[in-house]
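Worksheet: the structure to be examined is printed underneath.
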Amino acid sequence: MKKNKVSCKEVMLHVCESLGEELNSPKCVTFKMHLESCTHCQNYFSSLESTIKYFRQYKIELPDESHKKLMTLLSLE
Amino acid sequence: MEEEKLILDAKNGDKKALTELVKKYEQTIYNFAYKICRDHDKAENAMQETFLSMVKSLHQFDGKSKLSTWLYRIVANHCMMNARKKKPSSFVDLEDDEGLFNDKYLYDASMMPSKDVENKELREILDKAISKLSPEYRIVFTLRDVEQLSTEETAEITNLSVPAVKSRLHRARAFLRNELMEAFSQ
């Protein structure tokens, strides 16, 4: 008999892989249905998105000195 | 000016065009190198080596892939070469799914603070978490999730298969998320 239910762990694994990916496959639809009714997985999904957002927003500015050194090294102005 | 024209002019020896290309990508390359090397001097060195390589080999650039993809590949290779000098035991082992996807990490999502990333404490937490990832995982996570390149571009840059990129990515995401949740719960 085909197993329709999925565990939170399966959803967690799948959600990780699927962020930013196509979510229209039948398997994904099953996962999304689970996600809609499972608070644990909603929390997991939300915290995963926040994690990515933090790292995305974290920028390291190029110091002026490093820019000047690079231009000198390449003999450019 | 269009990038294609800049590249063509730079190939023909136009220093102004070359300067524009360097200025266009230096921030991106330094930012990426820093996130992989976790050190200013190493990131600066990786950036310099990347642009020296670009100047030297620009005539070979055929435009089949984006210039940015080409530059990411050079800087990623440079960072990986440096990273191989470091002991593998300095990093976490992410091969264990059981440890990564464990119910003990099912915290309330509201524990994620709504802090700005300019916040020093939050930056320290982010630094500490990503420093534990081996460069192989760090590169995939940074290219795919931070720089927002496609899975295919990430695979091209890292010489990995698409499934391997996805596998490393979901482990890196889960590990970083767990580290942040642990830090915020304290």
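Residue numbers (numbering that gives the first Met the number 0), protein chains in the order written: chain A, 0 to 76; chain B, 0 to 185.
The C-beta atom is built at its ideal place from N, Cα and C for all residues, glycine as well.
Between A/M0 and chain B, is there a C-beta pair that is closer than 8 Å? To locate residue 0 of chain A, count along the first sequence from 1; it is residue 1. The predicted position of A/M0 is uncertain, since its pLDDT is 38 and thus under 50; a value taken from the coordinates is nonetheless stated next. Not closer than 8 Å to any Cβ of chain B, the Cβ of A/M0 fails to qualify, so no.
Under 9 Å, CB to CB, which of the residues in the segment 33-48 of chain B have a partner in chain A? Y33, K34, H39, A42, E43, M46, Q47
Output yes if chain B places a C-beta closer than 8 Å to the C-beta of A/F30; else output no. By 1-based counting over the first sequence, the position of residue 30 of chain A is 31. Cβ-Cβ to chain B under 8 Å: no for A/F30.
Strictly under 8 Å for the Cβ-Cβ distance: is A/L34 near chain B by that measure? Position 35 of the first sequence, counted from the first residue, corresponds to residue 34 of chain A. Cβ-Cβ to chain B under 8 Å: no for A/L34.
Using the three-state DSSP reduction, which class does B/N11 fall into: helix, strand or coil? Numbered from 1 along the second sequence, position 12 holds the residue referred to as residue 11 of chain B. The answer is coil: DSSP assigns B/N11 none of H, G, I, E or B.
Along the segment 56-86 of chain B, where does the CB come closer than 8 Å to a CB of chain A? Name the residues. none
Considering only the beta carbon of each residue, do B/K114 and B/L121 sit closer than 8 Å? Working through the second sequence from its first residue, we reach residue 114 of chain B at position 115. Working through the second sequence from its first residue, we reach residue 121 of chain B at position 122. Their beta carbons are under 8 Å apart, which means B/K114 touches B/L121 by this criterion.
Using the beta-carbon of each residue, which ones in chain A are nearer than 8 Å to B/Q26? The residue given as residue 26 of chain B occupies position 27 in the second sequence. Within chain A, the residues near B/Q26 are E60, L61.
Taking 8 Å as the threshold, find out whether the segment 6-14 of chain B comes into contact with the segment 29-49 of chain B through three or more Cβ pairs. no
Figure out for me which residue from B/S52, B/V161, B/R137, B/S160 has the closest Cα to the Cα of A/C51. Here residue 51 of chain A refers to the residue found at position 52 when the first sequence is read from its first residue. Position check: residue 51 of chain A holds Ile in this sequence, whereas Cys was assumed. Of the listed residues, the one whose Cα sits closest to A/I51 is B/R137.
Nearest-angstrom Cβ-Cβ length linking B/M46 and B/Y29, presumed shorter than 8 Å: On the second sequence, position 47 is the one that residue 46 of chain B refers to. On the second sequence, position 30 is the one that residue 29 of chain B refers to. Yes, B/M46 and B/Y29 are in contact; Cβ-Cβ is about 5 Å, under 8 Å.
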